[in-house]
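Asker: In UniProt numbering, the protein residues as written are 1 to 236.
The structure's right below; bear with me while I get my questions together.
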Ligand SMILES: Nc1ncnc2c1ncn2[C@@H]1O[C@H](COP(=O)(O)OP(=O)(O)OP(=O)(O)O)[C@@H](O)[C@H]1O
């Protein structure tokens, strides 16, 4: 689980001080899939980076169970390693024995549909395939918490839709905190959507999504939630 108590953050930048995150309390229970949406600059990435431990908050306490996996917007694969080598990398760092490492990498590559590309180089993959590889690399270390910062932002619409559907399946049983600019994507994937507003960044809506697991873009509960979230985003 993820627990933030009184967390706040101010950047002391060249342009002056920016209160990127106002005092925030947030609890994400194990197994929840929580999305964060909001206008550019409202502090979404700052919040995610604080949870990841990349940024030390100016105030408050942060508790995260286990070491979270982080999926970046850009795939950031090691170009000198094969696709399988990239997925194995984190396991190698954890001193997982070779045979087990190979078997785990294969399992996750199959899961993301890259089983036939294990020996390929990252540059031989399309953007969507590289992003799948990054997701396999993160999931292979079996983190109980996964943090994702606009993971589909750089992809074309069709690939994005396909990966959204796959992510629902891949994320099952894990705790996910997911930053996106897409209201539709947030509602479709999440058990809960948070809307943030800028200057100072804060959570202005915390909406549970009560649609079925097999929800579609056109189901009434999804459309109603999209409308609520969109209204909150545009009023900020
Ligand atoms: N390293 C930094 N130094 C100074 N100010 C920063 C830094 N990173 C972010 N900020 C400021 O903090 C505020 C929140 O930024 P943040 O990146 O968290 O927003 P965001 O909601 O993720 O935006 P976007 O949707 O555009 O990615 C912005 O006003 C930004 O200018």
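We treat Cβ as the ideally placed atom computed from N, Cα and C, and that holds for glycine.
1. So, do the region 177-185 and the region 39-48 have three or more beta carbon pairs nearer to each other than 8 Å?
2. Taking the DSSP output, what are the residues bridged to residue 145?
3. Check whether the Cβ of residue 45 lies closer than 7 Å to any heavy atom of ligand 1, and answer yes or no.
4. Going by the beta-carbon positions, is the gap between residue 226 and residue 187 smaller than 8 Å?
5. When the Cα atoms are used, what is the spatial distance from residue 136 to residue 49?
6. Could you check whether residue 41 and residue 198 sit closer than 8 Å to each other, using their CB atoms as the reference points?
7. Go through its chain and collect everything with a Cβ distance to residue 82's Cβ below 6 Å, but skip five positions before and after it.
8. Using only alpha-carbon positions, find the residue among 65, 23, 30 that is nearest to residue 58.
9. The beta strand (DSSP E) with residue 117 in it runs from where to where?
10. Where does the unbroken beta strand (DSSP E) through residue 67 begin, and where does it stop?
11. Quick one: measure Cβ to Cβ for residue 52 and residue 72, integer angstroms, because I've assumed they're closer than 8 Å.
Answerer: Quick look at the numbers:
1. Verdict: yes, contact present.
2. According to DSSP, residue 145 bridges with 175.
3. Yes, the Cβ of residue 45 comes within 7 Å of a heavy atom of ligand 1.
4. At the C-beta level, residue 226 and residue 187 come within 8 Å of one another.
5. Computed Cα separation, rounded: 21 Å.
6. For residue 198 and residue 41, yes; Cβs fall inside 8 Å.
7. Only 119 meet the Cβ criterion.
8. That would be 23, whose Cα lies nearest to the Cα of residue 58.
9. For residue 117, there is no enclosing beta strand (DSSP E), as DSSP gives it neither H nor E.
10. Careful: residue 67 lies outside any beta strand (DSSP E) and carries neither H nor E.
11. About 10 Å; that fails the 8 Å criterion.
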